[in-house]
Amino acid sequence: NKEGKGDEFSAQLFDFFARQALLAGTSHLPFLWGGNFHVLRNLHQYADVDVGQLGNGLFGVPETTKEELAYTLPWASQYLKCEKDQLKTACRKEEYQFQSRCWTGEGSATPQLDRIPILPTAVGWRMQQAKAYTAAYNLLAALLDAMDTWSERTIYEGQPLTDEYWHIGEYITNIREKVKALTEEDAPHCFQLEKSIKLPNRLCRNALKGRTEYTPRANPMETSIRSIVVPSETGATVAETNEMNPLEGMAVDEFVDNVPAGEVDPLELLHLEKNLRLRERYLGRRWLRTTSRTRDNKNISQWLGSLPDKKSSPKGNENDRPLQRRLEDPSIRTSNGWQLLHSLPGNDNCDGTLASTASCGVSPSSSCYLEGHQGARGGIWGDDTTGWLNMKVTEMECGYVALNLEIGGRKVRHRAANVRKLESERLLSNKLPDEFVFEYSVDNVVSTLDKPQFLERLEYPVPGMTLLTLVNDEASTTAKDVSIGVRVRGCSGVECQVGVTHVYWC
């Protein structure tokens with residue numbers, strides 16, 4: 004906005020993200036390329052973090068001076084650098100910036116050309132490739148420096164290279180400990196999130212753990228929410244969809260190996276292949292998009308079955324604190340009915356690699372095969388009829404557990420992603436019936452939130468995120484496993500359905 008508050012909040016979020024990246028793991032550290040300058044400066048100055056800013060990579064790239072002469076330039080530089088005003092519009096044409104081919108699915112015939120809708124904020128592949136080349140140049144330069152050091156030291160000191168140049172344990176420990184010790188005076192941005200979105204300050208010094216159903220992600224089976232769901236004694240757990248995967252068993256490499264004429268083939272350089280791969284003689288992108296059979300989207304009600312028309316009055320609370328009670332039955336058991344929805348058919352294979360394209364599949368609503376991405380915003384969904392969803396978070400040390408939720412079916416989602424907190428609450432308040440009750444348990448101690456309390460507890464850090472904190476215990480310092488349960492009561496219908504998409508704890 005005009006006061007610059009949007010940029011300031013972005014800096015706070017980036018500082019939090021950067022610290023989490025630096026605190027995660029024990030045997031590696033990231034090099035922070037790009038981001039808010041002030042955040043990077045503080046991390047480097049007070050915690051010895053390696054930081055840098057990449058340029059646009061256009062220095063030395065040949066300019067496209069005439070549209071009809073672009074074909075004379077190297078493939079990757081065509082329409083990339085257009086400095087003349089009369090050419091800028093031409094160079095932004097979708098056919099120059101985005102290239103997609105739709106495969107009909109019939110054998111290995113030449114793909115049909117078709118126009119795929121492009122988001123107005125999308126960046127063309129040539130600019131993305133220029134950024135990748137810029138990053139690669141810096142990595143190669145660093146590797147060359149390392150080789151020079153190796154050569155110089157061993158010439159004067161002899162082989163082998165001394166341990167101080169191989170082992171970086173002390174280097175990593177130094178940075179991690181300094182990040183944990185950063186003060187609000189030295190690096191204030193992350194600490195300001197406590198005021199912005201009620202994020203505890205101690206999360207700026209402790210690494211979060213998490214699980215999600217969003218894809219793609221590394222080690223998808225181990226990082227899913229389903230991996231921490233505790234089945235009941237009768238075996239009740241999260242039901243997964245049985246969507247058909249039209250790509251199962253397909254040799255995807257056959258359709259993505261083609262490289263345009265005049266383009267560099269990185270796989271040839273990597274594998275030093277003797278036989279050049281097939282090169283196309285027409286404009287075409289490596290990623291192929293293929294039209295699929297039309298499949299109707301299934302809404303949440305169809306997945307969960309018909310919802311009975313039953314109502315129950317929630318217990319009213321006279322104060323702002325949630326009602327807490329310990330159940331006579333000392334366990335919260337997962338009930339039948341919770342569903343994994345809005346995910347890809349092979350969600351446990353969606354790790355973002357080319358090798359998993361076929362086994363990951365495409366979404367039921369997709370009109371294209373091989374879209375070139377595995378993006379899906381899956382979640383575990385339930386309602387008034389599905390009872391408890393029980394999860395166990397391991398090694399909770401700093402006393403924090405939070406969930407990212409979606410409220411209401413996907414087709415009736417509130418627009419909290421695009422508005423501020425007060426407006427978000429108003430929109431969601433209009434959607435939720437007054438009978439809505441959200442309950443959560445922490446080690447079998449159940450807390451009950453009526454509709455006003457539930458809305459008050461929600462935070463909206465970034466578009467598409469609705470954060471509910473379940474545990475915030477500053478006194479917790481000893482790692483322990485904690486049982487977490489959630490359920491919805493009091494109303495039925497699409498507007499009362501809740502999806503758990505992320506679980507965070509530390």
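Under our numbering, the first residue of the sequence shown is numbered 4, with each subsequent residue one higher. Just so you know, even glycine gets a beta-carbon here, dropped at the ideal spot from N, CA and C.
| Asked | Found |
| --- | --- |
| Buried or exposed (CB count within 10 angstroms, at least 16 for buried), V465 | exposed |
| Status (buried if at least 16 other CB within 10 Å, exposed otherwise) for K314 | Unreliable placement is indicated for K314, whose pLDDT of 38 sits below 50; the coordinate value is still reported in the next sentence. The residue in question, K314, is exposed, as its Cβ has fewer than 16 Cβ neighbours within 10 Å. |
| S338 (DSSP reduced to helix, strand or coil) | coil |
| Through-space distance from C207 to R22, alpha-carbon basis | 7 Å |
| For G63 and S199, the rounded distance between their alpha carbons | 44 Å |
| Residue burial classification, D31 (beta-carbon count within 10 angstroms, cutoff 16) | The question names Asp, but residue 31 in the sequence shown is His. Exposed, because fewer than 16 other Cβ atoms sit within 10 Å of the Cβ of H31. |
| Residue burial classification, C509 (beta-carbon count within 10 angstroms, cutoff 16) | buried |
| For G340 and T388, the rounded distance between their alpha carbons | 7 Å |
| Reference G381, options V365, H345, R179, closest by Cα | H345 |
| Beta-carbon spacing of T337, T240 below 7 Å | yes |
| DSSP three-state assignment for L76, whether helix, strand or coil | coil |
| Y168 beta carbon less than 7 Å from that of G60 | no |
| Proximal residues to G355 (C-beta, below 7 Å), its chain only, five neighbours per side dropped | P219, Q377 |
| Boundaries of the beta strand (DSSP E) in which D484 is found, first to last residue | 483-492 |
| Chain-order list of residues whose beta-carbon lies under 6 Å from that of F457 (same chain, five-residue window excluded) | F441 |
| Span separating the alpha-carbon of G502 from that of G38 | 32 Å |
| Span separating the alpha-carbon of R292 from that of G385 | Because the pLDDT of R292 is 34, which lies under 50, any placement of that residue in the model is unreliable, and the number read from its coordinates should be weighed accordingly. Near 33 Å, if we compare the C-alpha coordinates of G385 and R292. |
| Buried/exposed call for P223, threshold 16 Cβ in 10 Å | buried |
| Through-space distance from G402 to L57, alpha-carbon basis | 38 Å |
| Option nearest I383 by Cα separation, candidates V396, G412, E400 | G412 |
| Counterpart residues of D386 in DSSP-defined beta bridges | DSSP lists no partner for D386. |
| Length of the line joining the Cα atoms of G238 and V396 | 19 Å |
| Exposure label - R490; buried when at least 16 CB within 10 Å | buried |
| Beta-carbon proximity list for S486, same chain, < 6 Å, skipping 5 on both sides | K395, D446 |
| Coil, strand or helix - L461 by DSSP | strand |
| Q377 CB to nearest heavy atom of the ligand GDP below 6 Å | The model depicted lacks the ligand GDP and carries no ligand whatsoever. |
| Contacts around P436, its chain only, beta-carbon distance under 6 Å, and the 5 residues preceding and following it disregarded | C494 |
| Nearest residue (CA-CA) to K454, options N433, L83, Q89, T226 | N433 |
| Contact check, E98 vs E66, beta carbons under 7 Å | no |
| Bridge-paired residues (DSSP) for A144 | Partner(s): none; A144 has no beta bridge. |
| Identity of the residue in L185, I171, S362 nearest M247 by Cα | S362 |
| Rounded separation between F439 and R44 - CA only | 47 Å |
| Cβ shell of M507 (< 8 Å), same chain only, five flanking positions each side left out | The sequence given here has Tyr at residue 507, not Met. If we look at Y507 and ignore the five residues flanking it on each side, its Cβ neighbours are L211, K212, G213, Y403, V404, A405, L406, N407. |
| Three-state secondary structure (DSSP) of A242 | strand |
| CA nearest to the CA of L185, picked from L26, E459, M468 | L26 |
| Reference T480, options R205, Y74, T75, closest by Cα | R205 |
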